[in-house]
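Here the structure is laid out as structure tokens; the discussion comes afterwards.
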Amino acid sequence: MRKHRFRHLLVLLLLLLAGAGAVRAWFYIDGQVQPILVPMNQAYTGYSNLPKKVLGLHLEPFTFRGWDGGDMQAVLVTKEGEESSRQLTVMSDLSANPVEKLEVIDYVLVCVDWDHGIRSALPLAETFTAAGLRCVLWDPRGQENRRAYCTHGLRESQDVPLLIDALAKRCERSHPVIVAVGQGYGAGLMLQAAAQDKRIQGLAVIDAYASLRQSVRRMLPDSLFTPVILELMDLRMERTAGMECFDVAPVEQASFIDRNVPVLVIHLTLDNPVCTLADTLTIYHRLRSDRREVWAILNEASLPALSSRQRDVLPDVKRLFDEDTAMTSLVHWLDGPVAEAILSPRIADPARPVPSSDLHL
1417 MRKHRFRHLL
1427 VLLLLLLAGA
1437 GAVRAWFYID
1447 GQVQPILVPM
1457 NQAYTGYSNL
1467 PKKVLGLHLE
1477 PFTFRGWDGG
1487 DMQAVLVTKE
1497 GEESSRQLTV
1507 MSDLSANPVE
1517 KLEVIDYVLV
1527 CVDWDHGIRS
1537 ALPLAETFTA
1547 AGLRCVLWDP
1557 RGQENRRAYC
1567 THGLRESQDV
1577 PLLIDALAKR
1587 CERSHPVIVA
1597 VGQGYGAGLM
1607 LQAAAQDKRI
1617 QGLAVIDAYA
1627 SLRQSVRRML
1637 PDSLFTPVIL
1647 ELMDLRMERT
1657 AGMECFDVAP
1667 VEQASFIDRN
1677 VPVLVIHLTL
1687 DNPVCTLADT
1697 LTIYHRLRSD
1707 RREVWAILNE
1717 ASLPALSSRQ
1727 RDVLPDVKRL
1737 FDEDTAMTSL
1747 VHWLDGPVAE
1757 AILSPRIADP
1767 ARPVPSSDLH
1777 L
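Structure representation (structure tokens):
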């Protein structure tokens, strides 16, 4: 009798331990998934997404209809009034090294974060407006934070063609010339958008990750349970937001960008497991563009970790000294390869012929 009671107690204890372990594992998985599904920029916590006034900038808000039918908040940004320090830095460089062909570009689409999408993109907008360009920023999260979960460009990239449609209605030209610049989250989104819409005629991506799966894997500690954790995280994301890490791979989309589109891949952030130098080189390697370039601030400690294929493209890397240099150089890149490509006839790709109806885009 005592043996039966002992067995019952042992089974009960094991069940309780298993239940406690399952609950703990669930909270751990949920804790790992939450910043992926809702990536918040803590630097802007407590601030409105659309500032009332920004030094050196004129903000003209407008809305457009997103892919899911809801309103999206956007803003057209131009230079106005007293210049900011960032604008003065760019203008000082341009006074010594003038640009000549930027007027062929109608709009620069700028995307950085899913959360606070407009405010986080303002520093880049300052750089481009200092050169006389018009920037367009928008909130990928939707007006008034309508979208509950981030899909890292998988669905948000479908907003970009609709945004371009809205800009075409506002522009003097029937087919406005559009270039795109993305950083971090925005880099992944723009790579996916440029593969979908040929109206994007130039693309620069800063600190892009190759695939969400790889980035998430690098954020987790190495253990025997890591593959199981990844599978459980994918299951949680699929049930919550209808996506898995495998679904988001900007490096795969990079290979579908038209060969006529100049693409610049820049690596600025050092020691960041989300977007590494290896990611930048892999994306660059997959591009088919006739005018592709790769720039990087190189951390010598990261070079031994590169694969042989990634090492093969190291001679193509233009070395940067700091972020300020990269930003002013980016303006000159828009005035150089991008403007030249816009003014040149489009070349049909034998592998993916350009339909005659698309030749004017």
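If you read the sequence shown in this note's numbering, its first letter stands for residue 1417, the second for the next number, and so on. Beta carbons are placed, not taken as given, at the ideal position from N, Cα and C, and that holds for glycine.
CB of residue i within 8 Å of CB of residue j, strictly
{"i": "LEU1492", "j": "VAL1552", "result": "yes"}
{"i": "CYS1566", "j": "LEU1453", "result": "yes"}
{"i": "LEU1684", "j": "ILE1622", "result": "yes"}
{"i": "PRO1678", "j": "ARG1702", "result": "no"}
{"i": "LEU1607", "j": "ALA1620", "result": "no"}
{"i": "LEU1540", "j": "VAL1597", "result": "yes"}
{"i": "GLU1727", "j": "ALA1712", "result": "Looking at the sequence shown, residue 1727 is not Glu but Arg. Contact: no."}
{"i": "ASP1446", "j": "ARG1652", "result": "yes"}
{"i": "ASP1555", "j": "MET1488", "result": "yes"}
{"i": "ASP1674", "j": "CYS1587", "result": "no"}
{"i": "THR1694", "j": "LEU1722", "result": "Note on identity: in this sequence residue 1694 is Ala, with Thr being the wrong assignment. Result yes, Cβ atoms of ALA1694 and LEU1722 sit closer than 8 Å."}
Contacting residues, own chain, Cβ-Cβ under 8 Å from residue i (five flanking each side not counted)
{"i": "THR1782", "result": "Nothing about residue 1782 can be read from this structure; the chain reaches only from 1417 to 1777."}
{"i": "ARG1634", "result": "PRO1689, VAL1690 and THR1692"}
{"i": "ALA1584", "result": "SER1590, HIS1591 and PRO1592"}
{"i": "HIS1474", "result": "VAL1493, THR1494, LYS1495, GLU1496 and GLY1497"}
{"i": "GLU1476", "result": "VAL1491, LEU1492, VAL1493 and THR1494"}
One or two residues paired with residue i in a DSSP bridge
{"i": "GLN1489", "result": "THR1479"}
{"i": "ILE1403", "result": "The shown model of the chain, from 1417 to 1777, leaves out residue 1403, and the question about it has no answer."}
{"i": "THR1494", "result": "HIS1474"}
{"i": "LEU1553", "result": "VAL1491 and VAL1526"}
{"i": "LEU1763", "result": "Position check: residue 1763 holds Ile in this sequence, whereas Leu was assumed. Answer is none; ILE1763 lacks a bridge partner."}
{"i": "ALA1755", "result": "DSSP, once it has assigned bridges, lists no residue as partnering ALA1755."}
{"i": "GLU1621", "result": "Inspection of the sequence shows that residue 1621 is occupied by Val rather than by Glu. Looking at the DSSP assignment, VAL1621 forms a beta bridge with GLY1598 and VAL1681."}
{"i": "VAL1710", "result": "VAL1681 and VAL1733"}
Segment limits, alpha helix (DSSP H) that includes residue i
{"i": "TRP1749", "result": "1739-1749"}
{"i": "TYR1601", "result": "1601-1612"}
{"i": "ASP1728", "result": "1724-1728"}
{"i": "LEU1579", "result": "1575-1586"}
{"i": "PRO1539", "result": "1533-1546"}
{"i": "ARG1634", "result": "1628-1635"}
{"i": "GLU1660", "result": "Run containing GLU1660: none; DSSP gives neither H nor E here."}
{"i": "GLN1515", "result": "At residue 1515 the sequence reads Val, which differs from the Gln that was named. Element bounds for VAL1515: n/a, residue is neither H nor E."}
Residues near residue i in its chain [Cβ-Cβ closer than 7 Å; skip 5 each side]
{"i": "VAL1770", "result": "In this prediction, VAL1770 scores a pLDDT of 44, lower than 50, which makes its location untrustworthy; no coordinate-derived value is stated."}
{"i": "HIS1568", "result": "TYR1601, GLY1604, LEU1628 and VAL1664"}
{"i": "PHE1672", "result": "ALA1611"}
{"i": "SER1760", "result": "none"}
{"i": "ALA1547", "result": "VAL1506, LEU1510, VAL1515, LEU1518 and VAL1747"}
{"i": "ALA1657", "result": "LEU1453, TYR1565 and THR1567"}
{"i": "ASP1531", "result": "PRO1455, MET1456, ASN1457 and ARG1557"}
{"i": "TYR1460", "result": "HIS1532, ARG1535 and SER1536"}
{"i": "ALA1483", "result": "According to the sequence shown, residue 1483 is Trp rather than Ala. Hits under 7 Å: ARG1571, GLN1574, ASP1575 and LEU1578."}
{"i": "VAL1667", "result": "ALA1626, SER1627, THR1698, ILE1699 and ARG1702"}
Burial state of residue i, where buried means 16 or more other Cβ atoms lie within 10 Å
{"i": "GLY1437", "result": "For GLY1437, the predicted model reports a pLDDT of 47, less than 50, meaning its position is unreliable; a value from the coordinates is still stated below. Exposed, by the Cβ-count rule."}
{"i": "ARG1550", "result": "buried"}
{"i": "SER1631", "result": "buried"}
{"i": "GLY1462", "result": "exposed"}
{"i": "GLY1485", "result": "exposed"}
{"i": "GLY1497", "result": "exposed"}
{"i": "ILE1758", "result": "buried"}
{"i": "ASP1687", "result": "exposed"}
{"i": "THR1698", "result": "buried"}
{"i": "HIS1776", "result": "Reliability fails at HIS1776, whose pLDDT of 32 lies under 50, so the model's placement of it is uncertain and the value that follows must be treated cautiously. So HIS1776 counts as exposed."}
{"i": "GLN1617", "result": "buried"}
{"i": "GLN1599", "result": "buried"}
{"i": "ASN1676", "result": "buried"}
{"i": "GLU1756", "result": "exposed"}
{"i": "PRO1720", "result": "exposed"}
{"i": "PRO1467", "result": "exposed"}
6 Å Cβ shell around residue i - same chain, five flanking residues per side excluded
{"i": "LEU1471", "result": "SER1500"}
{"i": "ALA1564", "result": "none"}
{"i": "GLU1739", "result": "LEU1684"}
{"i": "PHE1478", "result": "ALA1490"}
{"i": "VAL1439", "result": "Because the pLDDT at VAL1439 is just 44, under 50, the model does not fix this residue reliably, and the value given afterwards should be weighed accordingly. Nothing meets the Cβ criterion."}
{"i": "LEU1680", "result": "ALA1620, GLU1709 and TRP1749"}
{"i": "LEU1525", "result": "VAL1552 and ALA1596"}
{"i": "ASP1732", "result": "VAL1710"}
{"i": "ALA1582", "result": "PHE1480"}
{"i": "CYS1661", "result": "LEU1628, ARG1629, VAL1632 and ASP1650"}
{"i": "GLN1669", "result": "LEU1607, GLN1608 and ALA1611"}
{"i": "ARG1562", "result": "GLY1486"}
Range of the contiguous beta strand (DSSP E) that encloses residue i
{"i": "TYR1523", "result": "1523-1527"}
{"i": "GLY1703", "result": "First, the residue type needs correcting, since residue 1703 is Leu and not Gly in the sequence shown. LEU1703 -> no beta strand (DSSP E), and no H or E assigned at all."}
{"i": "ARG1735", "result": "1733-1735"}
{"i": "ILE1682", "result": "1679-1683"}
Residue i at chain B interface by Cβ criterion, 8 Å
{"i": "LEU1736", "result": "Protein chain content of the structure displayed is limited to a single chain, and chain B is not contained in it."}
Residue i CB to nearest heavy atom of the ligand NAD below 7 Å
{"i": "HIS1532", "result": "The ligand NAD is absent from the structure shown, which contains no ligands of any kind."}
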